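Student:
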Amino acid sequence: MKSLFSEAKLGNLSLKNKVVMAPMTRSRSLGNVPGDIVAKYYEQRAEAGLIVTEGTSPSPNGLGYARIPGIFSEEQTKAWKKVTDKVHTKGSKIFVQLMHTGRIGHELNLPKGAKVLGPSAILAKGQMWTDAEGMKDHPIPQEMSKSDLKSTIEEFVNASKNAIQAGFDGVELHAANGYLLDQFLHPSSNQRTDEYGGSIENRIRFVLEVAAAVSVAIGKEKTAIRLSPYGAYNDLFPFPETHDEYSLLAEKLNEIGIVYIHLVDHSSMGAPTVDPETVYNIRKAFKGTLILSGGYDAERAEKDLSSGVADLVAFGKPFLANPDLVTRFQKNIPLASFDQTTLYTPGEKGYSDYVFAN
């Protein structure tokens, strides 16, 4: 495991190892503000060279799920400062993942005056949990106007500035898993007839505008993105132009000069396998750091790092019940299994109460 546990460079940052904690929604932020148990949770897992937080909304409109955090208010920004301080004390780096849920939301989960928005007024199949009334069907989103697009870009920019103020080392734009930025990339959810819909070039436009604006605001070395080509999540699935679209997107992101692309493969959860040719094209086009994630164990991570396919590898589920995951990998200690029933419930149970191996 010479590669996995060796130091790495990420832009102008030095990482103590090549293990990344992947972003995972945990729904513990009451009132959409991360509390002390959130700080404890991330501090426990700071053996990772880099932590990417759970999806954190840049806007009241993006708080689609119950109890997810935001980073658009002063209160939220101050609360996140407690998290970054604890993680930095342990020698790890931390990026906040900015996740606007878009059409994957419900009014009952949103603050007063907020709206469920999407590229087009197209319903997402399925339901979501609301604390007020239990499971509810997704509503039809309101199609975003040009004014909405402009204000949403401004929200991403302001949230990114808040993130730096809160002590984060950077931001990861969530353009994967069927949320707002990803919704613009897919022809099934984006059926606009203006310059943001139709062709590949138009569908990637909004994502690129957000990435460019954030890069100008906080620096390209602090700006990153997560993508999920061939994902099958939140009623978005692969489409005939997937390979060509993500290949072009990688080229354009490279021109902006962001620090990393985080590429997630959901095939371990039943989605189609990411086309190796697509990964190759992204690797070839993008000169920054490439993080791969999806169903990895230590052995597979070492293989992809050693071969140069990946620069860093992110682990999600293994970190849930194993806050000391890096130590367990290094000492070949068996991994504990997580409690499925407490993934999204409030409180410390099944969150910050998992035990360390030694």
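Residue numbers for the sequence shown follow the working numbering, so the first one is 8 and each next one is one higher.
Glycine residues also receive a C-beta, built at the ideal position from the N, C-alpha and C atoms.
Bear in mind the structure is a predicted one, so any value in this text is a computation, not a measurement.
Give the DSSP-derived three-state secondary structure of Leu256 in the structure shown.
Tutor: helix
Student: Helix, strand or coil, according to DSSP, for Ile211 in the structure here?
Tutor: coil
Student: Rounded to the nearest angstrom, what separates Thr91 and Glu161 at their Cα positions?
Tutor: 24 Å
Student: Find the nearest neighbour of Ile289 within the set Leu234, Leu342, Pro245, judged by alpha-carbon distance.
Tutor: Nearest to Ile289 by alpha-carbon distance, out of Leu234, Leu342, Pro245, is Leu234.
Student: Quick check: the Cα distance between Ile207 and Thr249, rounded to an integer number of angstroms?
Tutor: Near 9 Å, if we compare the C-alpha coordinates of Thr249 and Ile207.
Student: Taking 8 Å as the threshold (C-beta atoms), are Phe322 and Ala29 in contact?
Tutor: Yes, the Cβ-Cβ distance between Ala29 and Phe322 is below 8 Å.
Student: Going by C-alpha distance, which of Trp87, Ala55, Tyr361, Lys16 is nearest Thr296?
Tutor: Lys16
Student: Just checking my contact of Thr159 with Gln104 at CB under 8 Å: how many whole Å lie between their CB atoms?
Tutor: Contact flag wrong, Cβ pair sits at about 16 Å.
Student: Can you pull the DSSP bridge partners for Met135?
Tutor: Lys143
Student: If the criterion is Cβ atoms closer than 8 Å, does the pair Ala371 and Ile78 meet it?
Tutor: With the chain represented from 8 up to 365, any question about residue 371 goes unanswered, as that position is not in the structure.
Student: Would you decide whether Phe163 is buried or exposed? Buried here means 16 or more other CB atoms lie within 10 Å of its CB.
Tutor: Label assigned to Phe163: buried.
Student: Does the beta-carbon distance from Ala292 to Asn261 come in below 8 Å?
Tutor: yes
Student: Can you tell me the Cα-Cα spacing of Gly174 and Tyr303, whole angstroms?
Tutor: 29 Å
Student: Do you know whose CA, among Leu180, Asn241, Val40, lies nearest Asp144's CA?
Tutor: Asn241
Student: On the criterion of 16 or more Cβ atoms from any shown chain inside 10 Å, does Phe246 qualify as buried, or is it exposed?
Tutor: exposed
Student: Which whole-angstrom value is the C-beta distance of Ser222 and Ile268, which I expect to be below 8 Å?
Tutor: In this structure Ser222 does not touch Ile268 by the C-beta definition: roughly 13 Å separates them, more than the 8 Å allowed.
Student: What are the start and end residues of the alpha helix (DSSP H) that includes Arg335?
Tutor: 332-338
Student: Tell me the DSSP secondary structure of Leu20 in three-state form.
Tutor: In the three-state reduction of the DSSP assignment, Leu20 falls in the strand class, which pools E and B.
Student: Could you tell me whether any non-hydrogen atom of the ligand MG is closer than 7 Å to the CB of Leu117?
Tutor: As presented, the structure is devoid of all ligands, the ligand MG included, so that no description of it is given.
Student: For the alpha helix (DSSP H) that Thr285 lies in, which residues bound it at each end?
Tutor: 283-292
Student: For the segment 46-62 against the segment 82-96, are there 3 or more C-beta pairs whose distance is under 8 Å?
Tutor: Taking a cut-off of 8 Å for Cβ pairs, the segment 46-62 and the segment 82-96 touch, as three or more such pairs fall below it.
Student: Note down, one range per segment and in chain order, each alpha helix (DSSP H) of at least 4 residues found wholly within the segment 162-250.
Tutor: 187-192, 207-210, 212-225
Student: Could you check how far apart the C-beta atoms of Ser10 and Glu309 are, in whole angstroms? I think they sit under 8 Å.
Tutor: That belief holds up - the Cβ atoms of Ser10 and Glu309 are roughly 6 Å apart, short of 8 Å.
Student: Take Pro236 and list the residues in its own chain whose beta-carbon comes closer than 7 Å to its own, dropping the five residues that flank it on each side.
Tutor: Thr249, Tyr253, Val281, Thr285
Student: Between which two residues does the alpha helix (DSSP H) carrying Leu312 extend?
Tutor: 305-314
Student: For Gln104, which residues does DSSP report across the bridge?
Tutor: Gly62, Glu179
Student: Would Gly120 be called buried (16 or more neighbouring beta carbons within 10 Å of its own) or exposed?
Tutor: exposed
Student: Counting only the same chain and skipping the five closest in sequence on each side, list residues whose C-beta sits under 7 Å from that of Pro118.
Tutor: So the list reads Pro67, Leu70, once near-sequence residues are dropped.
Student: Under the rule that 16 or more other beta-carbon atoms within 10 Å means buried, what is Asp251, buried or exposed?
Tutor: Counting the other CB atoms within 10 Å of its CB gives Asp251 a total below 16, which places it among the exposed residues.
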